[in-house]
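Undergrad: Right, I'll just put the structure down here and ask away after.
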Amino acid sequence: MHLREVLAARVKQGLKIRALKSPWTYRLLRTATRRTQFALDATRQMALYALEQTERAFVGSTPVVWTSAFFPTEIVHALGFVVFSPEVASALLASLGLAEECLNVAERAWYGRDLCSFHRCAIGATLKGYFPTPVALLASGHLCDGAPKAFEAISRLTGAKTFFLDVPRQDSPEAGAYVAAQLDEIGRTLAALAGTEWDLARLAETIKSSEAFRQAALHVNRTRMAVCDIRGSDMLSYVYLMFVGQGHAEAARVYATLGQELAARRRVSEDERRPRLLWLHLKPYYDPFLMDYLEEERGAAIVFEEMNHVYWPPLDAAEPLRSLARKVLAHHAYHTTSARAAVLAELARAYRVDGVVQFVHWGCRATGGTVNLLMKLLRREGLPFLTLDGDCIDRRDYAPEQLRTRLDAFLELVGNQTEVV
Amino acid sequence: MVYAGIDVGSLSAEAVLLRNGTILAYSILPTGANSRGAAERALDEALEKAGIRQDDIAATVATGYGRINVPFAARQVTEISCHARGVTHLFPDARTVIDIGGQDSKAIRVAPGGKVLDFAMNDKCAAGTGRFLEVMARALEVELAELGNLALEARKAAAISSMCTVFAESEVVSLIAQGVPRDEIARGLCNAVAERIANLVHRVGLEPQVVMTGGVAKNAGVVRAIEEKLGERLVIPPEPQITGALGAALLAEETATTNSNSNI
């Protein structure tokens, strides 16, 4: 039985919460993970790491801290707490076919369908008791404006204190000092909540792991410039580590394995004629059709995903808080769309892409609001640009045939003559 | 050599037979529940009109939503590329194509020769499509074919605020109950569709000559409303429903010619 089926069956048994709190569930899933075939062994390692972290979150007494996307998780790892991403968990629920139930629960509680479905699903899952109990919630709105409000709502439901990271629009030494001071304060308060010490020496060690992660991710990304037989949809799953693993030694090890495996893969030949695409944002998690269709049926290659871009400078263990602040402030999509477009154009050149596909998640104002300018700027660089409107979590407005027509027309536009079989 | 293009849409299926760039025969049939059967029936009818057999066809290209269910097609190409190709064959100066079909609407910017430069499609729902007008005609209790002419008779347009097909239908019922003349409601509906289409056209960039295709191009009220919104005259092909199938047939011919040249 495939790992996903085992997991879905285990959680669907009607004993959902009890199943998640049972060590037997994780034992079973670990066995299934070891027996499941993965395209990459690094993906198996990542699955085992995810299981270990999930078990720690549900079984035992380690404090669990929920973080929103792009919050620097090193602060949590330095305390030895478990990082839990409700957004990643929503994606997992969608892939298991369980998101709809959570979305319905949230909607019954007045969380309407205009809200981001990652957060709506997380709120529903919280109401259902599917997520581990948090001691604190850490939210940053610097790339996702919905997260702080959603976390505030979840705070009311769980009773956990919420900490908001305020990230200035302009990157400057003062902004760095301001963000670093907030992170220090959050670390101290979290430590006090759990009755432990806020240890900057331990944070420095965490920063070393995070830098090892960064170096390994850079190696992976450089290797991918020359490697062709790796699927973008497989690589997009590594966003999990980007969101929760930075600062954890095992996450760095997984990336190191990934780099070694990719280096052994077949290189792009000179006469490679597959259309090469750059993928922006995420994907529908309830149905693999979109990327599978592109990569398997139409023979296109998703050669890089913006989510996997290493945008931040080296981290210095001698300056742990300043390093984290610099990372937060360095995100290429935070400041201006022109700056983001310049980075994407650079990536397009490095990965020799023929076109850019922007998946526009319906609840994401930050994505939808910038599409027009981004499209113009990238087209000025000679890059065909396709926007695909859809939802990552909520399948109720899903129209795969409409998406197929857009993808086919886009491939025809970029000159692909691959026939649909 | 005869080449065939089959366009299987959500509401209608069309077949075009082509010889030396000239249309030998064409057919238009309702798709119904079986898109594969509709493709076969459309081709059979066109073959009968042309007085030839299926063996006489050198190559077939399928397009439209049902394109993947046409087993006798050598290739599948999207309706976006096919409409662009078909329209520029008929109107070489065309630079913008508006296609309103049964369940979607598209604006396409084309280069000379029919290459697609950009396209935009309706998203999320059937607002601004043939299906929308069909439902509204039913609510107004007029034949779909009459809706456009009715709109042209109106001296002003009723305001239709919702583009959700279900909500707009109840809005139409409510306007009828309030005693708003049906021609004004019809004109309001045409304006609502036109506004949606104009937004799509501006996404890709309006450039004359603008050609409109699809079944809705036969609706004079919608055509007039779009012309007013865009400030541009629309050119309508003699049979606007077959340009997708025509483009498919042209691409079948081009592909066959390219392949035979490369074999030489």
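Line by line, the protein sequences are chains A and B. Start counting the first sequence at 858; every next residue gets the next number (my numbering). Start counting the second sequence at 1207; every next residue gets the next number (my numbering). All C-beta atoms in this analysis are idealised placements derived from N, C-alpha and C, irrespective of residue type, glycine included. For clarity, every value in this text was computed on a predicted model and none was experimentally measured.
Excluding five sequence neighbours on each side, which residues of the same chain lie with their C-beta closer than 6 Å to the C-beta of Glu1285 of chain B?
TA: Cβ neighbours of Glu1285 of chain B beyond the five flanking positions: Thr1269, Gly1270 and Gly1450.
Undergrad: Quick one: Cα of Leu908 of chain A to Cα of Leu886 of chain A, how far?
TA: Distance between the alpha carbons of Leu908 of chain A and Leu886 of chain A is about 8 Å.
Undergrad: Return the residue from the list B:Val1276, B:Arg1344 and B:Val1429 that minimises the CA-CA distance to Val1399 of chain B.
TA: Out of B:Val1276, B:Arg1344 and B:Val1429, B:Val1429 has the C-alpha closest to the C-alpha of Val1399 of chain B.
Undergrad: Between the alpha carbons of Leu1235 of chain A and Ala993 of chain A, how many angstroms are there, rounded?
TA: Going from the Cα of Leu1235 of chain A to the Cα of Ala993 of chain A covers about 40 Å.
Undergrad: Show which residues of chain B have a CB atom less than 8 Å away from the CB atom of Glu1269 of chain A.
TA: Near Glu1269 of chain A (Cβ distances below 8 Å), the residues of chain B are Val1283, Thr1284, Ile1286, Ser1287 and Val1322.
Undergrad: Can you grab the Cα-Cα spacing for the pair Val1283 of chain B / Arg1237 of chain A, in whole Å?
TA: About 27 Å.
Undergrad: Give me, in chain order, the residues of the same chain whose beta-carbon lies closer than 8 Å to that of Pro1277 of chain B; leave out the 5 immediate sequence neighbours on both sides.
TA: Here the set comprises Arg1242.
Undergrad: Compare the C-beta of Tyr1209 of chain B against all C-beta atoms of chain A and say whether one is closer than 9 Å.
TA: Answer no: the Cβ-Cβ gap between Tyr1209 of chain B and chain A never drops below 9 Å.
Undergrad: Using CA atoms only, rank isn't needed, just tell me which of A:Leu1060, A:Thr990 and A:Pro1241 is closest to Asp1041 of chain A.
TA: Closest option to Asp1041 of chain A, Cα to Cα, is A:Leu1060.
Undergrad: If you draw a straight line from the C-alpha of Gln1447 of chain B to the C-alpha of Ile1234 of chain B, how long is it?
TA: Cα to Cα, Gln1447 of chain B sits roughly 8 Å from Ile1234 of chain B.
Undergrad: Taking the C-alpha atoms as reference points, what is the distance between Ala963 of chain A and Cys978 of chain A?
TA: So the two alpha carbons sit approximately 7 Å from each other.
Undergrad: Taking Cβ positions, are Val1417 of chain B and Pro1443 of chain B nearer each other than 9 Å?
TA: The answer is yes: Cβ separation under 9 Å.
Undergrad: What's the gap between the Cα of Leu955 of chain A and the Cα of Ser947 of chain A?
TA: Those two C-alpha atoms are separated by around 9 Å.
Undergrad: Using a Cβ-Cβ cut-off of 9 Å, state whether Arg1263 of chain A counts as contacting chain B.
TA: Cβ-Cβ to chain B under 9 Å: yes for Arg1263 of chain A.
Undergrad: Less than 9 Å between the C-beta atoms of Cys959 of chain A and Cys1221 of chain A, yes or no?
TA: No, the Cβ-Cβ distance between Cys959 of chain A and Cys1221 of chain A is not below 9 Å.
Undergrad: Between the beta-carbon of Gly1212 of chain A and the beta-carbon of Leu1270 of chain A, is there less than 9 Å?
TA: Closer than 9 Å, so yes.
Undergrad: Specify the secondary structure class of Met1099 of chain A as computed by DSSP and reduced to three states.
TA: Met1099 of chain A falls in the helix class under three-state DSSP.
Undergrad: Nearest to Ala1190 of chain A by CA position, among A:Glu1176, A:Val1160 and A:His1138, is which residue?
TA: Nearest C-alpha to Ala1190 of chain A: A:His1138.
Undergrad: Determine, for Ile1470 of chain B, whether the minimum Cβ-Cβ distance to residues of chain A falls below 9 Å.
TA: Only weak support exists for where Ile1470 of chain B lies, its pLDDT of 36 falling under 50; the coordinates are left without a value.
Undergrad: Can you grab the Cα-Cα spacing for the pair Leu1230 of chain A / Ser1195 of chain A, in whole Å?
TA: So the alpha carbons of these two residues sit roughly 8 Å apart.
Undergrad: Determine the burial state of Lys1312 of chain B: buried for a count of at least 16 other Cβ atoms within 10 Å of its Cβ, exposed for fewer.
TA: By the 10 Å Cβ count, Lys1312 of chain B comes out buried.
Undergrad: Which residues in chain B sit within 9 Å of Gln1027 of chain A, going by Cβ to Cβ distance?
TA: In chain order: nothing, as chain B lies at least about 32 Å away.
Undergrad: For Glu1096 of chain A, collect the residues of the same chain with a Cβ closer than 6 Å to its Cβ; drop the 5 residues on either side in sequence, then sort them by chain order.
TA: A small fix is needed here, since residue 1096 of chain A is Val in this sequence, not Glu. If we look at Val1096 of chain A and ignore the five residues flanking it on each side, its Cβ neighbours are Met1164.
Undergrad: Whole angstroms are fine: how far does the CA of Ala899 of chain A sit from the CA of Val945 of chain A?
TA: Near 18 Å, if we compare the C-alpha coordinates of Ala899 of chain A and Val945 of chain A.
Undergrad: Got a sec, what are the start and stop residues for the beta strand (DSSP E) Arg1315 of chain B sits in?
TA: Where Arg1315 of chain B is concerned, the enclosing beta strand (DSSP E) stretches over Ser1311 to Val1316.
Undergrad: How about the region 1305–1321 of chain B and the region 1380–1394 of chain B: do they share at least three Cβ pairs that are nearer than 8 Å?
TA: The region 1305–1321 of chain B, when compared against the region 1380–1394 of chain B, does not touch it at the 8 Å Cβ threshold.
Undergrad: What three-state label does DSSP hand Met1418 of chain B in the structure shown?
TA: The answer is strand: DSSP assigns Met1418 of chain B an E or B state.
Undergrad: With DSSP run on the structure shown, which of helix, strand or coil describes Asn1469 of chain B?
TA: With a pLDDT of only 43 at Asn1469 of chain B, under the threshold of 50, the placement of this residue in the model should not be trusted, and no figure is reported.
Undergrad: Candidates B:Gln1260, B:Thr1294 and B:Ala1333: which alpha carbon is nearest Val1372 of chain B's?
TA: Cα-wise, what sits closest to Val1372 of chain B is B:Ala1333.
Undergrad: Is it buried or exposed, Pro1005 of chain A, if we count other Cβ atoms within 10 angstroms and call 16 or more buried?
TA: Burial call: buried.
Undergrad: Does the region 1203–1217 of chain A come close enough to the region 1060–1072 of chain A that 3 or more CB-CB pairs lie under 8 Å?
TA: No, the region 1060–1072 of chain A does not touch the region 1203–1217 of chain A.
Undergrad: Can you tell me the Cα-Cα spacing of Phe1161 of chain A and Trp1136 of chain A, whole angstroms?
TA: The straight-line gap from Cα to Cα measures roughly 6 Å.
Undergrad: Can you confirm whether Gln1215 of chain A, when its beta carbon is compared against all beta carbons of chain B, has any partner nearer than 9 Å?
TA: Chain B contact via Cβ: absent.
Undergrad: Determine the closest residue to Arg1130 of chain A out of A:Gln1103, A:Val1111, A:Pro1145 and A:Ala1158, with distance taken between C-alpha atoms.
TA: Closest option to Arg1130 of chain A, Cα to Cα, is A:Ala1158.
Undergrad: In angstroms, rounded to a whole number, what distance separates the CA positions of Pro1099 of chain A and Arg1263 of chain A?
TA: Checking the displayed sequence, the identity of residue 1099 of chain A turns out to be Met instead of Pro. If I take the Cα positions, the gap works out to 29 Å.
Undergrad: Alpha carbon to alpha carbon, what distance is there between Ala889 of chain A and Asp971 of chain A?
TA: Cα to Cα, Asp971 of chain A sits roughly 37 Å from Ala889 of chain A.
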